[in-house]
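*Asks:* Read the sequence shown against my numbering and you will find it ends at 425, with the numbers running on by one and no gaps. Note that the Cβ used here is the ideal one computed from N, Cα and C, for glycine as well. Everything numeric in this text was worked out from a predicted model, so none of it was measured. Input: one structure, supplied below.
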Amino acid sequence: MAIDKIALFETTKALWPETVNVSDNPSATYEIYRANEQAFPQDDDWRQLGLWAFHQALQDHERRAVAKGLPLRPGEIAFDEFDTWMRTNLNGDDCWLDEQAEYERS
Numbered sequence: 320m321a322i323d324k325i326a327l328f329e330t331t332k333a334l335w336p337e338t339v340n341v342s343d344n345p346s347a348t349y350e351i352y353r354a355n356e357q358a359f360p361q362d363d364d365w366r367q368l369g370l371w372a373f374h375q376a377l378q379d380h381e382r383r384a385v386a387k388g389l390p391l392r393p394g395e396i397a398f399d400e401f402d403t404w405m406r407t408n409l410n411g412d413d414c415w416l417d418e419q420a421e422y423e424r425s
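If you want it as structure tokens, here you go:
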């Protein structure tokens, strides 16, 4: 079975609000991530990996938004950023070898 990487990305991105006021609340993105994480079963590995990868992809965008005093726009995350974090996470631990192979095949 192959994972649909684009569908995982799009459904994960859809869980985020259009804007996040990170200047007002420095932990806003983590709070949203945690709420999303808790909304899905812990054994839904693909969803959990996708949530974490998307949250990681937001980091650089968040720093720039804070520096400029602008809201963060999660919809601006590109698939390539998400994909980079997915691959990084899947390569991080041998327990993900099966999932890594599946991801690479898709």
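(1) Report the three-state DSSP secondary structure of L377 (helix, strand or coil).
(2) Which class does V385 belong to by DSSP, given the choice of helix, strand or coil?
(3) Nearest-angstrom Cα distance between I322 and D417?
(4) Can you name, in chain order, every residue of its own chain whose Cβ lies under 8 Å from the Cβ of F328, other than the five neighbours on each side?
(5) Based on Cα-Cα distance, which residue from K332, T331, E350, Q367 lies nearest to N340?
(6) Out of curiosity, what's the CA-to-CA distance linking D364 and M405?
(7) So within the stretch 392-419, which uninterrupted alpha helix (DSSP H) runs reach at least 4 residues, ignoring any that extend past its ends?
(8) From N355 to Y422, what does the alpha carbon distance come to, in whole angstroms?
(9) Verify whether the separation of the beta carbon atoms of T331 and L391 is less than 8 Å.
(10) Once you ignore the five residues that flank E375 on each side, which residues in its own chain have a CB closer than 7 Å to its CB?
*Replies:* Working from what's here:
(1) helix
(2) helix
(3) 12 Å
(4) G369, F373, F398, F401, D402
(5) E350
(6) 12 Å
(7) 398-410
(8) 22 Å
(9) no
(10) Residue 375 is actually Gln in this sequence, not Glu. Cβ within range, chain order: W404.
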